[in-house]
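Student: Take this structure, written in structure tokens, and hold onto it; I'll ask about it next.
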Amino acid sequence: MVEFAKNLKYYRKQHRMSQFMLADKIGVSQRTVSHYENATSEPSLQLLCRIASIFDISTDELLGYAPKSEE
């Protein structure tokens, strides 16, 4: 989930949001958001969906998932 941690921080900053602001929107502490961004903790599936919705992106984008192209 290292890719998730990087993407979370990237999208949070793109939306000019502090860790505290994001934490407030998803109902966790600022410390929890910090743990997510440092890849020491992972959100539940429900929170993952809520975070993606806040940033108006898919969970795939948030997780850094890109399907392999068929060759």
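Residue numbering for the sequence shown follows this note's numbering, beginning at 28 and increasing consecutively.
Don't be surprised by glycine CBs; every beta carbon is placed ideally from N, CA and C.
1. So, at 8 Å on beta carbons, what are the nonlocal neighbours of LYS95 in its own chain, with the 5 sequence-adjacent residues on each side left out?
2. Classify ASN65 as helix, strand or coil using the three-state DSSP reduction.
3. Got a sec, what are the start and stop residues for the alpha helix (DSSP H) GLN93 sits in?
4. Put ARG77 into one of helix, strand or coil per three-state DSSP.
5. Between which two residues does the alpha helix (DSSP H) carrying ASP51 extend?
Tutor: Well, looking at it:
1. There are no such residues.
2. coil
3. It is Ala, not Gln, that sits at residue 93 in the sequence shown. Per DSSP, ALA93 belongs to no alpha helix (DSSP H) and is neither H nor E.
4. Helix.
5. 46-53
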